[in-house]
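Each remark here refers to the structure printed beneath this line.
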Amino acid sequence: MARERKLTACQCGACGHFRMPPTPYCPECQCPDMIWPELPGTATVFSFAICTRSPYSGEPLVYVPVVVDLDGAPGARLVSNLVGINAEDVEIGMKVSIDWNPIRDGWLLPIFRPALTEERHETA
Ligand SMILES: [Zn+2]
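Quick note: the sequence shown uses this note's numbering, first residue 4, plus one each step.
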C-alpha cells in the first residue's frame with residue numbers, strides 16, 4: 004500500500020539486488036541497507052488466476068489476481084489485481100500499467116490495468 008501514487012520496490016543499497024517482499028538482509032550480499040527507487044509503474048504479467056467468487060462474501064464476482072514482474076526492478080514481483088479487462092483476455096507476458104485504488108484513510112492500493120501499448124512505444 005502507499006499514500007502517494009508512487010511505485011517503489013525494495014533494492015539493496017550495496018549490490019542493487021531487488022528483494023520483494025522486503026527482507027531485513029539482502030539474500031545476495033547480507034547487507035541490511037535498503038533503498039526504495041521510484042519505478043516507472045509498468046510491469047509484465049508473470050502469472051494470473053481467474054476467480055469467480057468474492058473472497059469476503061462468497062458472492063459471484065470475477066476478479067483476476069496477478070503476479071507481475073515490475074519494470075525497472077529486475078527480479079521484483081508484486082501480487083496485485085488486474086482490472087479493466089475481460090478475464091478471458093488476460094495473457095501471461097502482457098504489459099500492464101499501475102493504477103491506484105483508494106481504499107480508506109487516504110491509503111492507495113496498487114492495481115494494474117492493461118498498458119496502452121500502441122501509444123507508449125516511444126517510451127519503451
Ligand atoms: Zn545486496
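In this text, a Cβ means the ideal position worked out from N, Cα and C, and glycines have one as well.
Considering Cα atoms alone, identify which of the options is closest to residue i.
i: residue 32; options: 16, 42, 47, 40; result: 16
i: residue 116; options: 71, 58, 36, 106; result: 71
i: residue 67; options: 89, 53, 38; result: 53
i: residue 89; options: 35, 105, 60, 64; result: 64
i: residue 98; options: 111, 73, 105; result: 73
i: residue 51; options: 105, 113, 92, 107; result: 92
i: residue 7; options: 48, 41, 27; result: 41
i: residue 96; options: 81, 69, 47; result: 47
i: residue 10; options: 58, 101, 87; result: 101
i: residue 49; options: 105, 118, 94, 27; result: 94
i: residue 82; options: 56, 112, 60; result: 112
i: residue 39; options: 13, 106, 105; result: 13
i: residue 57; options: 84, 44, 43; result: 84
Relative to ligand 1, is the shortest distance from any of its heavy atoms to the C-beta of residue i smaller than 7 Å?
i: residue 34; result: yes
i: residue 15; result: yes
i: residue 54; result: no
i: residue 31; result: yes
Check the DSSP bridge columns for residue i and list the partner residues they point to.
i: residue 51; result: 69
i: residue 82; result: 70
i: residue 41; result: 11
i: residue 116; result: 100
i: residue 63; result: 56
For the beta strand (DSSP E) that residue i lies in, which residues bound it at each end?
i: residue 104; result: 98 to 105
### Query
Counting pairs of Cβ atoms below 8 Å between the stretch 64 to 84 and the stretch 15 to 22, do you hit three or more?
yes
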